[in-house]
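In full-length UniProt numbering, the protein residues as written are 1 to 131. Ideal Cβ positions, reconstructed from N, Cα and C, are used throughout, including at glycine. Every value quoted in this text rests on a predicted model; they were computed, and no experiment measured them. First comes the structure, then the notes that go with it.
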Amino acid sequence: QRNEEWSQANDRIDWRSTWLYFNHNRKPTYNITNFKLNQLKSFKIKTLLNELPTHSLHHTLYPTIFQNTNCFHCGALDSSLHWLKCSNSTLLQYIINTGINNYINSTELDLSADQKANLINQLQHHEAFDA
1 QRNEEWSQAN DRIDWRSTWL YFNHNRKPTY NITNFKLNQL KSFKIKTLLN
51 ELPTHSLHHT LYPTIFQNTN CFHCGALDSS LHWLKCSNST LLQYIINTGI
101 NNYINSTELD LSADQKANLI NQLQHHEAFD A
């Protein structure tokens, strides 16, 4: 089914650029496995194919288990991009804060615990995240 959807646009797709985008500008012969890059590639492909694990997708796959397709936070119909436009901004703020914490704490930085905490705080409260 998803192949039919893309077959209509096949001749208009720049497959070389698409490959490079999904594979982080690596050539097809690049065969080193990187867990984080594989996760990012998976996210990109699932976003493109509307297959992110949303309530709506889970309802389609398992309707007896997931009886509701609405967002837990705002009650609106969930979709693969709903987390970007959810009226309850705590969801997006949670995603941002979790991402910042995970990145800073998993990166080898020559910083004390207090300096890391200060950096995390500055990033989480950066003006770019103001609504």
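Asked, Found
"Return the chain-ordered list of same chain residues with a C-beta closer than 8 Å to the C-beta of His55, the five sequence neighbours on each side being excluded.", "Phe66, Asn68, Thr69, Asn70, Cys71, Phe72, Asp78"
"Can you tell me whether His82 is buried or exposed? The criterion is at least 16 other CB atoms within 10 Å of its CB, across all chains shown.", "buried"
"Between Asn102 and Asn50, what straight-line distance do the alpha-carbon atoms span, to the nearest angstrom?", "25 Å"
"Based on Cα-Cα distance, which residue from Gln124, Gln115, Leu119 lies nearest to Ile95?", "Gln124"
"Between Leu52 and Lys46, how many whole angstroms is the CB-CB distance? I'm expecting something under 8 Å.", "5 Å"
"Does Asn38 get closer than 8 Å to chain B when you measure Cβ to Cβ?", "The structure shown has no chain B; it contains just one protein chain."
"In terms of residue numbering, what span does the alpha helix (DSSP H) encompassing Thr98 cover?", "90-106"
"Taking Lys41 and Phe22 to be in contact with their CB atoms under 8 Å, please state how far apart those CB atoms are, rounded to whole angstroms.", "5 Å"
"Whole angstroms are fine: how far does the CA of Ala9 sit from the CA of Leu61?", "27 Å"
"State the beta-bridge partners of Leu77 as determined by DSSP.", "Asn70"
"What's the C-alpha gap between Ile100 and Asp11?", "40 Å"
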